[in-house]
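Student: These protein sequences, in sequence, are chains A and B.
Counting from 1, one number per residue, gives the positions in the first sequence under the working numbering.
Counting from 101, one number per residue, gives the positions in the second sequence under the working numbering.
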Amino acid sequence: MTGLEFSLALFLLANLVVALLAAARGPTAADRMLVALLFGSTGVGILALLGHAGVGHALVDVALVLALLAAITGIAFARRAWHAPQKPHEKETP
Amino acid sequence: MIEIASSVLLYSGAFFVFAGTVGLLRFPDVYSRLHALAKADNLGLGCVLLGLALQSESLAAALKLLLIWPLALAASAAVSYAIARRADALGIPPWREDQ
């Protein structure tokens with residue numbers, strides 16, 4: 001079964017890399033933040049798959065910490081860090 | 101039997117994560133992208149974790165894997181609410197079909 005788990009982890013990693021295109025495209029800061037949140041949830045899946053495939057069960061603990069940190073990052077971004085520098089519909093046509 | 105169920109759950113989890121990524125790339129505004137991320141991606145994560153928990157050797161390990169999912173669900177609900185509310189407060193207009 002470990003072959004299946006490693007290949008699925010690779011597939012999830014490819015998903016993350018493709019999602020970086022969305023971060024590059026924007027247009028608002030929240031769209032870039034969404035990719036960071038995607039790294040949170042998909043990264044938890046990758047770590048759990050790797051931890052189960054024999055790398056070590058400590059990776060499940062790492063996955064728990066990553067899920068918590070993604071939540072805190074998202075809340076801190078929305079409440080503290082996201083200010084509009086200009087109107088968003090002017091931002092799309094610079 | 102358990103191995104087949106676990107494989108099916110793992111594959112469907114990968115499919116849902118893929119659907120979430122496609123939604124993140126294709127949807128037109130930040131609200132619908134939040135929708136893709138918060139639902140499809142967390143369902144994929146839940147399927148992967150459930151599939152792994154079916155294979156694990158002890159009950160404690162399975163429960164630990166399944167504990168991650170409610171944490172991710174609650175976190176994504178809170179974060180999606182905060183981001184959508186902030187986007188609305190900043191005046192980002194929702195996408196409409198006639199635009």
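Yeah, the Cβ is synthetic: ideal placement off N, Cα and C, and Gly gets one too.
Fair warning: this is a prediction, and the values are worked out from it, not measured in the lab.
At the 8 Å Cβ level, is B:Phe118 part of the contact set with chain A, yes or no?
Tutor: Looking up residue 118 of chain B in the second sequence gives position 18. So, interface residue.
Student: Do A:Trp82 and A:Ala19 have their beta-carbon atoms positioned less than 8 Å apart in this structure?
Tutor: The sequence position of residue 19 of chain A within the first sequence is 19, counting from 1. The sequence position of residue 82 of chain A within the first sequence is 82, counting from 1. No; because the gap between Cβ atoms is not below 8 Å, this pair is not in contact.
Student: Is it buried or exposed, A:Gly56, if we count other Cβ atoms within 10 angstroms and call 16 or more buried?
Tutor: Position 56 of the first sequence, counting from 1, holds the residue named residue 56 of chain A. Exposed, by the Cβ-count rule.
Student: Whose Cβ in chain A lies nearer than 7 Å to the Cβ of B:Ala114?
Tutor: Numbered from its first residue, the second sequence carries residue 114 of chain B at position 14. Under the 7 Å cutoff, chain A gives Leu8, Phe11, Leu12.
Student: Run down chain A in chain order and give the residues with a C-beta less than 7 Å from the C-beta of B:Ser107.
Tutor: For this step, residue 107 of chain B is matched to residue 7 along the second sequence. In chain order: Leu4.
Student: When DSSP labels each residue in this structure, what does B:Ile192 get in the three-state scheme?
Tutor: As a first step, residue 192 of chain B must be located in the second sequence, where it is residue number 92. B:Ile192 falls in the coil class under three-state DSSP.
Student: Give me the Cα-Cα distance between B:His135 and A:Leu16, rounded to the nearest whole angstrom.
Tutor: Looking up residue 135 of chain B in the second sequence gives position 35. Looking up residue 16 of chain A in the first sequence gives position 16. One C-alpha to the other measures close to 17 Å.
Student: Using a Cβ cut-off of 8 Å (strictly closer), state whether A:Val65 contacts chain B.
Tutor: As a position in the first sequence, residue 65 of chain A is number 65, starting the count at 1. Not one chain B Cβ lies under 8 Å of A:Val65.
Student: Between the region 115–122 of chain B and the region 181–188 of chain B, are three or more C-beta pairs nearer than 8 Å?
Tutor: Because the criterion of three Cβ pairs below 8 Å is not met, the region 115–122 of chain B and the region 181–188 of chain B do not touch.
Student: Can you list, in chain order, the residues of its chain with a C-beta nearer than 6 Å to that of A:Ala63? Leave out the 5 residues immediately preceding and following it.
Tutor: Taking the first sequence and counting its residues from 1, the one referred to as residue 63 of chain A is at position 63. Closer than 6 Å at Cβ, skipping near neighbours: Val44, Leu47, Ala48.
Student: Please report the straight-line C-alpha distance between B:Ala160 and A:Arg79, rounded to a whole angstrom.
Tutor: The sequence position of residue 160 of chain B within the second sequence is 60, counting from 1. The sequence position of residue 79 of chain A within the first sequence is 79, counting from 1. Distance between the alpha carbons of B:Ala160 and A:Arg79: 36 Å.
Student: For A:Leu105, return the contacting residues in chain B, with the cut-off set at a CB-CB distance below 7 Å.
Tutor: Because chain A is modelled from 1 through 94, residue 105 of chain A falls outside the range shown and cannot be assessed.
Student: Along the alpha helix (DSSP H) that carries B:His135, what are the first and last residues, could you check?
Tutor: On the second sequence, residue 135 of chain B is found 35 positions in, with the first residue counted as 1. From DSSP, the alpha helix (DSSP H) with B:His135 extends over 130–135.
Student: Whole angstroms is fine: what's the gap from B:Leu143's alpha carbon to B:Ser106's?
Tutor: Along the second sequence, read from residue 1 onward, the residue named residue 143 of chain B stands at position 43. Along the second sequence, read from residue 1 onward, the residue named residue 106 of chain B stands at position 6. Cα-Cα distance, rounded: 15 Å.
Student: State the DSSP-derived secondary structure class of B:Asp198, mapped to helix, strand or coil.
Tutor: Translated into the one-based positions of the second sequence, residue 198 of chain B becomes position 98. In this structure, B:Asp198 counts as coil in the three-state DSSP scheme.
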